[in-house]
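> Residues in the sequence shown are numbered consecutively from 547, following the numbering used here. We put the CB at the ideal spot given by N, CA and C, even for glycine.
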Amino acid sequence: MRRWVALAVVAAFAAALFLAPSGALAQAGESAAAETRAVAGDGGLIDAARAGDAARVRALLEAGADAGAAELDGSTALLWASHRDDRESVRLLIDAGADASAANDLGATPLWAASENRSTAVVRMLLEAGADPNRELLSGETPIMVAARAGSTEVVRQLAAAGADLDRQGSRGQTALMWAAAQGHPDVVEALLETGADLGVRSDVWTQVMAVPPHSRPEYNREIPHGGNTALLFAVRAGDLASARVLVEAGADVDDADAWGVGAVVLAAHGGHRELLEFLLENGADPNAAAAGFAALHDAVMRNDRRMVAALLAHGADPNQRLLTWTPTRRASRDHHYPPPLVGASPFWLAARFARIDLMRLLADHGADPHFVHEVDYIVDGRMQWQTERTTALMAAFGMGGRRARPWVPYGGAPTAELRTLEAVMLAVDLGIDVNAVDAAGRTVLDEAEALQYESVVEYLVEVGAEPGVN
547 MRRWVALAVV AAFAAALFLA PSGALAQAGE SAAAETRAVA GDGGLIDAAR AGDAARVRAL
607 LEAGADAGAA ELDGSTALLW ASHRDDRESV RLLIDAGADA SAANDLGATP LWAASENRST
667 AVVRMLLEAG ADPNRELLSG ETPIMVAARA GSTEVVRQLA AAGADLDRQG SRGQTALMWA
727 AAQGHPDVVE ALLETGADLG VRSDVWTQVM AVPPHSRPEY NREIPHGGNT ALLFAVRAGD
787 LASARVLVEA GADVDDADAW GVGAVVLAAH GGHRELLEFL LENGADPNAA AAGFAALHDA
847 VMRNDRRMVA ALLAHGADPN QRLLTWTPTR RASRDHHYPP PLVGASPFWL AARFARIDLM
907 RLLADHGADP HFVHEVDYIV DGRMQWQTER TTALMAAFGM GGRRARPWVP YGGAPTAELR
967 TLEAVMLAVD LGIDVNAVDA AGRTVLDEAE ALQYESVVEY LVEVGAEPGV N
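1) Is Val747 helix, strand or coil by DSSP?
2) Go through the region 587–627 residue by residue and report every complete run of the beta strand (DSSP E) that reaches 3 residues or more, in order.
3) Let me know if Leu723 comes out buried or exposed under the rule of 16 or more other beta-carbons within 10 Å of its beta-carbon.
4) Within the continuous alpha helix (DSSP H) that includes Trp932, where are the two ends?
5) Three-state secondary structure (DSSP) at Ile770?
6) Beta-carbon separation of Thr1028 and Glu1013 under 8 Å?
7) I need the straight-line Cα distance from Asp744 to Leu652, nearest angstrom please.
8) So what does DSSP say about Ala836, is it helix, strand or coil?
9) So, for Met756: in the same chain, excluding its five sequence neighbours on each side, which residues have a beta-carbon less than 6 Å away from its beta-carbon?
10) Does DSSP put Gly817 in a helix, a strand or coil?
11) For Pro491, count the other beta carbons within 10 Å of its own beta carbon; 16 or more makes it buried, fewer makes it exposed. Which is it?
12) Identify, in the order they occur along the chain, each residue of the same chain with its Cβ nearer than 7 Å to the Cβ of Val636, setting aside the five sequence neighbours on each side.
13) If you draw a straight line from the alpha carbon of Leu712 to that of Gly742, how long is it in whole angstroms?
14) Please return the same chain residues whose Cβ sits closer than 7 Å to the Cβ of Arg602, not counting the five positions on each side in sequence.
15) Out of curiosity, what's the CA-to-CA distance linking Thr688 and Asp881?
16) Can you have a look at Pro887 and say buried or exposed, based on whether 16 or more other CB atoms are within 10 angstroms of its CB?
17) Cβ atoms of Arg899 and Ala942: under 8 Å apart, would you say?
18) For the alpha helix (DSSP H) containing Thr967, name the first residue and the last one.
19) Please name the residue or residues paired with His920 in a DSSP beta bridge.
20) Report the residue from Val919, Ser717, Val981, Thr776 whose alpha carbon sits nearest the alpha carbon of Ala805.
21) Report the three-state DSSP secondary structure of Gln720 (helix, strand or coil).
22) Below 8 Å CB to CB, which residues in the same chain sit around Leu1007 once its five sequence neighbours on both sides are set aside?
23) Determine the direct distance from the alpha carbon of Val800 to that of Ala790, and round the result to whole angstroms.
24) For Leu822, verify whether its CB is less than 7 Å away from any heavy atom of the ligand FMN.
25) Among the residues of its own chain, which have a CB less than 6 Å from the CB of Ser698, if the five just before and after it don't count?
26) Looking at the structure shown, is Val636 part of a helix, part of a strand, or coil, going by DSSP?
27) Excluding five sequence neighbours on each side, which residues of the same chain lie with their C-beta closer than 7 Å to the C-beta of Gly890?
28) Reducing DSSP to helix, strand and coil, say where Val1003 ends up.
29) Under 7 Å Cβ to Cβ from Ser717, same chain only, skipping five residues before and after it: list those, please.
30) For Gln715, collect the residues of the same chain with a Cβ closer than 6 Å to its Cβ; drop the 5 residues on either side in sequence, then sort them by chain order.
31) Once DSSP output is grouped into helix, strand and coil, what is the label at Val782?
32) Select from Gly730, Ala803, Ala706, Arg604 the residue whose C-alpha is nearest the C-alpha of Ser749.
33) Taking only the alpha-carbon atoms, compute the straight-line gap between Leu657 and Ala675 and give it to the nearest angstrom.
34) Given a threshold of 16 other Cβ atoms within 10 Å of its Cβ, counted over all protein chains shown, does His917 qualify as buried or as exposed?
35) Taking its Cβ as the centre, do 16 or more other Cβ atoms sit within 10 Å of Val1016, making it buried, or is it exposed?
36) Determine the direct distance from the alpha carbon of Tyr884 to that of Thr753, and round the result to whole angstroms.
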């Protein structure tokens, strides 16, 4: 349809050449040319670039379309051509005078789009046309940040050579180096460091209230600091050993910690990144770092990861280091957290709490105190008064131990759970843990075994002299 309208306008212009007075020819020509551009449409040029139709882009430019025309949101044909990695259209538009640094309402420029595409050819053309390598999105993201995130070493080097600010920070303080580390691009990490990126820059710090009062459960009420991460911490969080290795070799601190105090070794253990944990320990990381209130050994036990526990113990982790704080509940998360009833627990007690027999044995072999008694204060249900619960590791294996410290196993005598509990009880007895200790309600482990209907456990406890409680 547009083609027919354009032809009609051209025909009208031709008629004007013959019928109009000579003095009106110039005016008629300008008017017809303007109408031709309107019909050919600068919007049509943008549509052609968006579709990746270089032939149509050429035809429209030759027909007089404005190479710099923009849509309502500021997007130009050059932005779309760069987004499509349409090199021919990019060249045509640049040669026709398109602004290589024009940005849309979000701050997106052709160079940003080309960097996201990892397109070295388009990036080169745009830079040669004067594109600003430091033009930001509204979020503060620059082309070199998106190139680092996309994993393009070549584009990163191009932008750096063109004067891109390597340490420019985005809306939350993130740099190109952080993006490369977080996305697992060790080659880009290396390229950025070689071109002068600062590995000590930290992301912004802010606090977040996990929930607001009033709540009866304190784990739903916690304000914690976020951020303060370096490139190394981003690499560790992502489990990227290769990037972490490059950063450490360049001088990154293996004991680096975020704003909350979570160190690199704790972060590796919490994420289950065994090889990274071992790498950090081999390079001198403190196995007992616990500025946030929990250590790597606590996380390794919670993950039931024998290899990580063994590595930490081999590098000097304290098998009796106590958990100093609780962490916020994250609803619908598969990740573990530390509820208030666990505060004060030792790694061995935690292993017993979840009947992790191999870890109990391993920790005991490395000096863990099996006789440790965990004490926790809690408010008695229905009464505004505090009560102290004292729980042995043997009690913990049954889930005994105060308000909300419920058993990890289902009631009803599930065979697997019963077997694991029996193994934990047998090990505890071998280590000399008192089988007749009582909780605040006067109950013993024998009472709990009977309540759980674990017949094999009841039989074994009776054989070793266990007795019921006073209640």
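Well, looking at it:
1) For this step, residue 747 is matched to residue 201 along the sequence shown. It is coil, neither helix nor strand.
2) none
3) Start at 1 with the first residue of the sequence shown, and residue 723 comes out as number 177. So Leu723 ends up on the buried side.
4) Looking up residue 932 in the sequence shown gives position 386. Not the alpha helix (DSSP H): Trp932 falls in the beta strand (DSSP E), residues 932–938.
5) Position 224 of the sequence shown holds residue 770. Ile770 falls in the strand class under three-state DSSP.
6) An answer regarding residue 1028 cannot be provided, because it is not within the stretch 547 to 1017 covered by the chain.
7) Start at 1 with the first residue of the sequence shown, and residue 744 comes out as number 198. Start at 1 with the first residue of the sequence shown, and residue 652 comes out as number 106. Rounded to the nearest angstrom, the two C-alpha atoms are 28 Å apart.
8) Translated into positions along the sequence shown, residue 836 becomes position 290. In this structure, Ala836 counts as coil in the three-state DSSP scheme.
9) Position 210 of the sequence shown holds residue 756. Within the same chain, Met756 has close Cβ partners Arg768, Pro874.
10) Position 271 of the sequence shown holds residue 817. Three-state result, Gly817: helix.
11) Any question about residue 491 goes unanswered here, given that the chain covers just 547 to 1017.
12) What you label residue 636 is simply residue 90 of the sequence shown in a count that begins at 1. Hits under 7 Å: Leu624, Ala627, Ser628, Val668, Met671.
13) Translated into the one-based positions of the sequence shown, residue 712 becomes position 166. Translated into the one-based positions of the sequence shown, residue 742 becomes position 196. Rounded to the nearest angstrom, the two C-alpha atoms are 7 Å apart.
14) Taking the sequence shown and counting its residues from 1, the one referred to as residue 602 is at position 56. Hits under 7 Å: Ala594.
15) Here residue 688 refers to the residue found at position 142 when the sequence shown is read from its first residue. Here residue 881 refers to the residue found at position 335 when the sequence shown is read from its first residue. The alpha-carbon atoms of Thr688 and Asp881 are separated by roughly 33 Å.
16) Indexing the sequence shown from 1 puts residue 887 at position 341. Classification of Pro887: buried, given that the 10 Å Cβ count is 16 or more.
17) Within the sequence shown, residue 942 is the residue found at index 396, counting from 1. Within the sequence shown, residue 899 is the residue found at index 353, counting from 1. Yes, these two residues count as a Cβ contact at 8 Å.
18) Position 421 of the sequence shown, counted from the start, is the residue given in the question as residue 967. Per DSSP, Thr967 belongs to the alpha helix (DSSP H) from 961–976.
19) The residue given as residue 920 occupies position 374 in the sequence shown. Thr937.
20) Along the sequence shown, read from residue 1 onward, the residue named residue 805 stands at position 259. Selected option, being the one with the closest Cα: Thr776.
21) Position 174 of the sequence shown, counting from 1, holds the residue named residue 720. Gln720 falls in the coil class under three-state DSSP.
22) Start at 1 with the first residue of the sequence shown, and residue 1007 comes out as number 461. Excluding sequence neighbours, Leu1007 sits near Val971, Val981, Val991, Leu992, Ala995.
23) Position 244 of the sequence shown holds residue 790. Position 254 of the sequence shown holds residue 800. Spanning the two alpha carbons is a distance of roughly 9 Å.
24) Absence of the ligand FMN from the depicted structure is noted, as is the absence of any ligand whatsoever, leaving it without description.
25) Numbered from 1 along the sequence shown, position 152 holds the residue referred to as residue 698. The answer, listed in chain order, is Arg664.
26) Taking the sequence shown and counting its residues from 1, the one referred to as residue 636 is at position 90. In this structure, Val636 counts as helix in the three-state DSSP scheme.
27) If you number the sequence shown from 1, residue 890 lands on position 344. Excluding positions up to five away in sequence, the list reads Arg868, Leu869, His920, Glu921, Val922.
28) Indexing the sequence shown from 1 puts residue 1003 at position 457. Residue state, collapsed to three classes: helix.
29) Numbered from 1 along the sequence shown, position 171 holds the residue referred to as residue 717. So the list reads Ser685, Gly686, once near-sequence residues are dropped.
30) Locating residue 715 in the sequence shown gives position 169, where the first residue counts as 1. Counting only Cβ-Cβ distances below 6 Å, and skipping sequence neighbours, we find Thr721.
31) Position 236 of the sequence shown, counted from the first residue, corresponds to residue 782. Of the three classes helix, strand and coil, the one that applies to Val782 here is helix, per DSSP.
32) Translated into the one-based positions of the sequence shown, residue 749 becomes position 203. Minimum Cα distance to Ser749 is reached at Ala803.
33) In the sequence shown, the residue the question calls residue 657 occupies position 111. In the sequence shown, the residue the question calls residue 675 occupies position 129. Straight-line Cα distance between these residues: approximately 11 Å.
34) Taking the first residue of the sequence shown as position 1, residue 917 is located at position 371. Burial call: exposed.
35) Residue numbering aside, residue 1016 sits at position 470 when the sequence shown is read from its first letter. Exposed, by the Cβ-count rule.
36) Reading the sequence shown from its first residue, position 207 is the one you call residue 753. Reading the sequence shown from its first residue, position 338 is the one you call residue 884. In a straight line, the C-alpha of Thr753 is about 19 Å away from that of Tyr884.
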